[in-house]
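Residue numbers for the sequence shown follow numbering that gives the first Met the number 0, beginning at 0 and rising by one.
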Amino acid sequence: MPVEKIAEGVFSVGVVDWDRRVFDELVPIPEGTSYNSYLVKGSDKVALLDTVDPPKANELLSNLKEAGVEELDYIISHHAEQDHSGSIPELLKRYPEAKVVTNAKCKSFLQDLLLIPGEKFIVVGDGEELQLGGKTLQFLLTPWVHWPETMITYLKEDKILFTCDFFGSHVASSRLFVSNDSMEKASIYWGAKRYYAEIMMPFRTSIKKHIKLVESLEVDMIAPSHGLIYDDPSFIIDAYKEWTSDEVKNEVIIPYISAHGSVREMVGYVVSRLTEAGVTVKPFNLAVADVGEIAMAMVDAATLIVGSSTILAGPHPMVVYVAAFANALRPKTKFVSIIGSYGWGTRIVEQITEMIKAMRVEIIEPVVAKGYPKDEDFRKLDRLVDDVVSKHKEIGIL
Ligand code: FEO
0 MPVEKIAEGV FSVGVVDWDR RVFDELVPIP EGTSYNSYLV KGSDKVALLD TVDPPKANEL
60 LSNLKEAGVE ELDYIISHHA EQDHSGSIPE LLKRYPEAKV VTNAKCKSFL QDLLLIPGEK
120 FIVVGDGEEL QLGGKTLQFL LTPWVHWPET MITYLKEDKI LFTCDFFGSH VASSRLFVSN
180 DSMEKASIYW GAKRYYAEIM MPFRTSIKKH IKLVESLEVD MIAPSHGLIY DDPSFIIDAY
240 KEWTSDEVKN EVIIPYISAH GSVREMVGYV VSRLTEAGVT VKPFNLAVAD VGEIAMAMVD
300 AATLIVGSST ILAGPHPMVV YVAAFANALR PKTKFVSIIG SYGWGTRIVE QITEMIKAMR
360 VEIIEPVVAK GYPKDEDFRK LDRLVDDVVS KHKEIGIL
């Protein structure tokens, strides 16, 4: 990504990672990502806000050279995760005079993760300011977005909020700003929603608080450290308000796997019956599904129905994976049920229920068929569908 000015004395100097497809060796990022880093030049001092993933350090150094940075006074570290902090040691080699400015918790993480000596730091507290000369950086602590040490920086004179992971999206683009084109806005919305679902969703309660903090500031531009910059902040703030709200939608998602067709038959029946009843249904065959799309669906859905074949008396390993993922993401899902099939013995209901304990949901009575589903099993599925419909009516979404 070339160096680009985003405001007077403020430059984008980060890099795009066009090829990356998995983050944390866990979550799919089909559109690549970027590690945004920003340079703020005051009349007295120069600060760099966040660095980049270590394999991209040379690109950042080359951008700083292109931006004419001979001396660097401060490296602001919003978050200790290495995709933003990992190049700090390389930066300190090139700019040994620079101080790393961060909060106390982030300092301790950076010392542990990157072995940066304590004397290289300036520790700041919530609301504290740093003067660069005509540019004032104000640091605001926003813990649990998505680690405990996360913070954001408000550039007062230019009303730019640098939010690191908060409001970010894993998108590789040669463009810097979200355009007004409705198609592009839709694509950015989905990218940001995937990012929220995969990374931020477990911290919904903290994020709601921090949205209020952001709204209390006068902000013309939100500049995250992944994805594009928002010069219409209300676009992403409103999206976050929707995703973090307590409201659920009249939707059922059904991640399932079927070894020999019995579970597929049951899922197909439930999908048809729920659709007839006016419920939006999203089945995900785990043999081919993108787990990130399941996470996105979990942002809104009122109900989750897990479908599994029985493998050695327990759920299929793909279902174990999704159940663990759902349990960790803690979506606002209110109801869960299980459908499945077995040959000679099964404990899938007990085991899946145990795996999703942290979701704190109401369990709708599961349906498990011996072998291929028969009339009696379809009648039980009718009862399950009726239960889902009445639960959705009870909470006023159907
Ligand atoms: Fe983009 Fe939590 O790192």
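Glycine is no exception: its CB is placed at the ideal position from the N, C-alpha and C atoms.
Predicted model, so just to flag it, every value in this text is computed and none were measured.
- Pairing valine 388 with leucine 273, the inter-Cα distance amounts to about 8 angstroms.
- Listed as beta-bridge partners of alanine 258 by DSSP are no residues whatsoever.
- Assignment of isoleucine 187 by DSSP, reduced to helix, strand and coil, places it in the helix class.
- Straight through space, the alpha carbons of proline 116 and glutamine 110 are spaced by roughly 7 angstroms.
- For isoleucine 5, the CB contacts under 6 angstroms within the same chain, skipping 5 residues up- and downstream, are Ser11 in chain order.
- With respect to the 8 angstroms criterion, valine 305 and isoleucine 337 are classified as neighbours on the basis of their beta carbons.
- Collapsing the DSSP output to three states places alanine 222 in a strand.
- The secondary-structure analysis by DSSP pairs proline 1 with nothing; it has no beta-bridge partner.
- Its chain contains Lys158 as the residues whose beta carbon lies nearer than 6 angstroms to that of aspartate 219, once the 5 sequence neighbours on both sides are disregarded; these appear in chain order.
- If you check the C-beta of serine 224 against the ligand FEO, you find a heavy atom less than 7 angstroms away.
- The C-beta distance from glycine 226 to glycine 167 rounds to 5 angstroms, short enough to fall under 8 angstroms.
- Taking C-beta atoms under 8 angstroms as the contact rule, tryptophan 146 and histidine 78 qualify, at a distance of about 6 angstroms.
- Per the C-alpha coordinates, the member of Ala312, Thr135, Ala238 and Lys281 positioned closest to isoleucine 75 is Thr135.
- Secondary structure at aspartate 386: helix, using DSSP grouped into helix, strand and coil.
- Valine 213 and proline 142 have their alpha carbons spaced roughly 14 angstroms apart.
- Taken from the Cβ of glutamate 24, every heavy atom of the ligand FEO lies 7 angstroms or farther away.
- Buried is the label assigned to isoleucine 355, since at least 16 other Cβ atoms lie within 10 Å of its Cβ.
- Take the alpha-carbon of methionine 182 and the one of phenylalanine 202: they are about 29 angstroms apart.
- For isoleucine 236, no beta strand (DSSP E) run applies; the uninterrupted alpha helix (DSSP H) run containing it begins and ends at 232–243, by DSSP.
- The residue among Glu217, Asp245 and Val177 with its C-alpha nearest the C-alpha of leucine 160 is Glu217.
- At least 8 angstroms separates the beta-carbon of cysteine 163 from that of proline 254.
- DSSP, reduced to helix, strand and coil, places asparagine 284 within a strand of the structure shown.
- By the CB criterion at 8 angstroms, glycine 31 and alanine 171 fall inside the cutoff.
- For glutamate 264, same chain residues with a beta-carbon under 6 angstroms away, outside a window of 5 residues either side, are Pro372 in chain order.
- Taking a contact to require three or more Cβ pairs closer than 8 angstroms, the stretch 306–321 and the stretch 237–251 do not qualify as touching.
- As summarised for the stretch 67–122, the continuous alpha helix (DSSP H) elements at least 4 residues long and confined to that stretch are 81–84, 87–93 and 103–113, given in chain order.
- For phenylalanine 10, DSSP records a beta bridge to Lys4 and Leu38.
- In this structure, isoleucine 363 lies away from phenylalanine 324, with their beta-carbon atoms at least 8 angstroms apart.
- Of the candidates Gly277, Ala258 and Val266, Ala258 places its Cα closest to the Cα of leucine 311.
- For the ligand FEO, no non-hydrogen atom lies closer than 7 angstroms to the CB of histidine 209.
- As DSSP reads the structure, serine 172 sits in no beta bridge.
- Scanning its chain for C-beta atoms nearer than 7 angstroms, with the 5 sequence neighbours on each side dropped, one finds around alanine 97 the residues Leu71, Asp72, Tyr73, Ile74, Leu90 and Leu91, in chain order.
- Residue pairing for methionine 150: DSSP places it in a beta bridge opposite Leu140.
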